[in-house]
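Chains A and B are the protein sequences, given in the same order.
Under our numbering, read the first sequence as residues 1 to 77, first letter to last.
Under our numbering, read the second sequence as residues 1 to 453, first letter to last.
In this text, a Cβ means the ideal position worked out from N, Cα and C, and glycines have one as well.
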Amino acid sequence: MAEKEIMFNQAMEQLEEIVRQLEQGDVPLEEALTLYQKGMELSKVCHDKLQNAEKQLVTMMQEGKEVPVNLEDGSAK
Amino acid sequence: MASDPYLSVKALTKYIKKKFDVDPHLRDVYVKGELSNVKIHTSGHIYFTLKDEASRLPAVMFSANAKAVKFKPESGMTVLIRGDVNVYEASGQYQLYAQSMQADGIGDYYLAFEQLKEKLAKEGLFNAAHKKTFPRFPKRIAVVTAPTGAAVRDICITLNRRYPLAHVVIYPTLVQGAQATQSIVQSIQAANQKDYDILIVGRGGGSIEDLWSFNEEAVARAIYQSRIPIISAIGHETDTTIADFVSDLRAPTPTAAAELAVPSKAELLDRLLNYRSGMYRTTANAIAREKASLERLTTSFPLAYPDRLYRPFIERVERATESLRRETFQQFNYAQERYKNLDKQLATRTPESRIRQSSLELDALKRRIDQLAALAVRDNTQQLASAMRTLDALSPLKIMDRGYSIIYKGDSVVKSVEQVEAGDELSISMKDGVVKTSVSERISKSKGERQDG
């Protein structure tokens, strides 16, 4: 894993900014190619994060502490 | 004094009061009338007059009972009151002691709802300007609801299905009953101590009484003060609570709240695909565009016919060269012309005739020298011949022929007796040889003296 793993939202926002810049069309070609490359990487990161997201982490706040929760009966595990 | 026919005011009043006390009808009455002169004391007691078109009845509701009234009593309202009628001894007035009060017709809850809504609206709690914006990709979501039941399950299932990236924290909360208002407020405030991106406050469907806590002012203010953007999801779509008005976003159901809170994974994957194809398209277009302009440039006049770029310069060079040549040639011609002129002038002033003349003179002089020289040679030759003849005649050999000899002392010819002394060795050269002799005596002719050796 990267030293500072990018968060999904950051990756997504960067990606959208890149898409926006590319669609504006006034980016110099060299930059456009760099953006394209970066954008493809980010989209892969986002895609992988979404695809590989495991079961959602759900916890319950009990006396100021987060504890795992059983959604079937609402009890703390 | 016991027979005093006069009663004290107090006694009479007590008597009257007793009459009220014992009357079963007055002990528990239901009365309907219009509120007027409503005064809510700081202690919470409500003083008012209940009236109809014919009569007026002073009334009081003590704070313990007033707290249970859902709405705020206001003059002009028609209300249904249950209570008892009794005497207020201090003023000698009978009055209605209200135990409960309900709004007639529209219902208490409705009235209370409308009143709070109006009040908070006036304060600006519902203003769009106060609505917070929601992060598009929330990382942490707090859910303020009952830990059991359909609502929390619906929310969690939907969140998990749509956006499993978010971490969901449930704040177990009482959402109905006497403690609900306080519990909801506490949960909202507790969640605000932490770092959440979105807060979902909600519960499943129920009666208006069940949902009532969400119409309480305390809950409305807790939502308003929340730093975290709140999605409210209370009851069913048809239920709208005050909390819904104050929240930053109202969801018709808990499931809808979860849908509003997070983006859908499927949509995001779709969007990613669109981004990829979009980026590819725009980049490919950009390349194509640059290619096209490169093409345009290469086929453009200057690049397609680069020689035409410097043709004017070539022309200039050629013209310049040409004019240089012409100029040079002219200069040359001019110079040549001048030279010819000078040459012609020079020719007319040539010293050639003088040279020829001098040359002729020189020849003549040479000839003369030759003649003179020949002449001189001839003269000299004649002179030489006569000299030779003379010389021959004078030759010592000839003279010796005639008997003369030459005397040498060493190499020197002895011409005088002075040259010799007695004893000198002398050589006498004669015509046919040499005689060596020595001087025995010298006799000088002029002095006659003798010198012996």
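Pick from the options that is closest to residue i, judged by C-alpha positions
i	options	result
residue 415 of chain B	B/227, B/405, B/422	B/405
residue 90 of chain B	B/246, B/390, B/16	B/16
residue 88 of chain B	B/343, B/236, B/241, B/14	B/14
residue 245 of chain B	B/124, B/287, B/337	B/124
residue 28 of chain B	B/182, B/95, B/76	B/95
residue 211 of chain B	B/297, B/436, B/113, B/434	B/113
residue 43 of chain A	B/277, B/296, B/430, B/319	B/277
residue 6 of chain A	A/49, A/28, A/55	A/49
residue 78 of chain B	B/11, B/36, B/316	B/36
residue 164 of chain B	B/7, B/61, B/258	B/258
residue 413 of chain B	B/428, B/351, B/422	B/428
residue 396 of chain B	B/377, B/417, B/432	B/432
residue 36 of chain A	B/188, B/280, B/85	B/280
residue 26 of chain B	B/344, B/81, B/189, B/358	B/81
residue 266 of chain B	A/14, A/47, A/66	A/47
residue 62 of chain A	B/41, B/147, B/134	B/147
residue 21 of chain B	B/248, B/83, B/109	B/83
Assigned secondary structure, residue i (DSSP; H/G/I helix, E/B strand, else coil)
i	result
residue 279 of chain B	helix
residue 33 of chain A	helix
residue 3 of chain A	Any reading at residue 3 of chain A must be qualified, since the residue scores a pLDDT of 38, below 50, and its modelled position is unreliable; no value is offered.
residue 47 of chain A	helix
residue 412 of chain B	strand
residue 28 of chain A	coil
residue 429 of chain B	strand
residue 38 of chain A	helix
residue 388 of chain B	helix
residue 406 of chain B	strand
residue 370 of chain B	helix
residue 166 of chain B	coil
residue 58 of chain B	strand
residue 305 of chain B	coil
residue 77 of chain B	coil
residue 10 of chain A	helix
residue 109 of chain B	helix
residue 161 of chain B	helix
residue 145 of chain B	strand
residue 271 of chain B	helix
residue 317 of chain B	helix
residue 103 of chain B	strand
residue 54 of chain A	coil
residue 232 of chain B	strand
Residues that residue i contacts on chain B, provided the C-beta gap is smaller than 9 Å
i	result
residue 59 of chain A	167, 168, 169, 170
Contacts that residue i makes with chain A (C-beta to C-beta distance below 7 Å)
i	result
residue 290 of chain B	29
residue 137 of chain B	8, 9, 12
residue 73 of chain B	Near residue 73 of chain B there are no residues of chain A at all, since even the closest Cβ is about 39 Å away, more than 7 Å.
residue 312 of chain B	The premise fails here: residue 312 of chain B is roughly 34 Å from chain A at the closest Cβ pair, so nothing lies under 7 Å.
residue 282 of chain B	22, 23, 25
Interface residues of chain B facing residue i [CB-CB closer than 8 Å]
i	result
residue 54 of chain A	164
residue 66 of chain A	169
Chain-ordered chain A contacts of residue i [CB-CB under 9 Å]
i	result
residue 229 of chain B	The contacting residues do not exist; residue 229 of chain B stays about 15 Å from chain A at best.
residue 190 of chain B	61, 64
residue 287 of chain B	29, 32, 33
residue 24 of chain B	Here the premise fails: no neighbours, minimum Cβ distance about 50 Å.
residue 302 of chain B	Ordered by position in chain A, no residue passes the 9 Å Cβ test against residue 302 of chain B, which lies about 22 Å from the chain.
Residues that residue i contacts on chain B, provided the C-beta gap is smaller than 7 Å
i	result
residue 49 of chain A	165
Chain A residues whose Cβ lies nearer than 8 Å to that of residue i
i	result
residue 198 of chain B	Per Cβ cutoff of 8 Å: no residues; residue 198 of chain B is ~12 Å from chain A at best.
residue 252 of chain B	Per Cβ cutoff of 8 Å: no residues; residue 252 of chain B is ~22 Å from chain A at best.
Next on the checklist: With three or more beta-carbon pairs closer than 8 Å as the criterion, would you say the stretch 243–262 of chain B touches the stretch 271–280 of chain B?
Outcome noted: Using a C-beta cut-off of 8 Å, the stretch 243–262 of chain B makes no contact with the stretch 271–280 of chain B, since fewer than three inter-stretch Cβ pairs fall below that distance.
Item to check | Interface residues of the stretch 255–279 of chain B facing chain A [CB-CB below 8 Å] | outcome: Residues of the stretch 255–279 of chain B with a C-beta less than 8 Å from any C-beta of chain A: 265, 268, 269, 272, 275, 276, 278, 279, listed in chain order.
Checklist entry - Are the stretch 123–134 of chain B and the stretch 88–102 of chain B touching by the rule of at least three beta carbon pairs closer than 8 Å? => result The stretch 123–134 of chain B makes no contact with the stretch 88–102 of chain B, as fewer than three CB pairs between them are under 8 Å.
Checklist entry - For the 8 Å Cβ check, are there 3 or more pairs between the stretch 239–252 of chain B and the stretch 202–217 of chain B? => result Yes, the stretch 239–252 of chain B is in contact with the stretch 202–217 of chain B.
Next on the checklist: Taking beta-carbon pairs under 8 Å, can you tell me which members of the stretch 15–27 of chain A lie near chain B?
Outcome noted: Of all residues in the stretch 15–27 of chain A, 15, 16, 18, 19, 22, 23, 25, 27 have a Cβ within less than 8 Å of some Cβ in chain B.
Next on the checklist: Please list, in chain order, the residues of the stretch 149–161 of chain B that have any C-beta partner in chain A closer than 7 Å.
Outcome noted: If you check each beta-carbon in the stretch 149–161 of chain B against every beta-carbon of chain A, the ones closer than 7 Å belong to 152, 153, 156, 159, 160.
Checklist entry - Can at least three beta-carbon pairs, one atom from the stretch 164–184 of chain B and one from the stretch 282–298 of chain B, be found at a separation below 8 Å? => result Output reads no: the stretch 282–298 of chain B does not touch the stretch 164–184 of chain B.
Item to check | Stretch pair the stretch 172–179 of chain B + the stretch 113–122 of chain B: three plus CB contacts closer than 8 Å | outcome: Touching, no.
Checklist entry - Taking one C-beta from the stretch 47–55 of chain B and one from the stretch 18–37 of chain B each time, how about it: are there three or more such pairs within less than 8 Å? => result Contact annotation: the stretch 47–55 of chain B touches the stretch 18–37 of chain B, with at least three C-beta pairs closer than 8 Å.
Next on the checklist: So, does the stretch 50–58 of chain A touch the stretch 16–29 of chain A, judging by three or more C-beta pairs under 8 Å?
Outcome noted: No, the stretch 50–58 of chain A is not in contact with the stretch 16–29 of chain A.
Checklist entry - Would you call the stretch 193–203 of chain B and the stretch 138–156 of chain B in contact, with 3 or more CB pairs under 8 Å? => result Pairwise C-beta distances place the stretch 193–203 of chain B in contact with the stretch 138–156 of chain B, as three or more of them are shorter than 8 Å.
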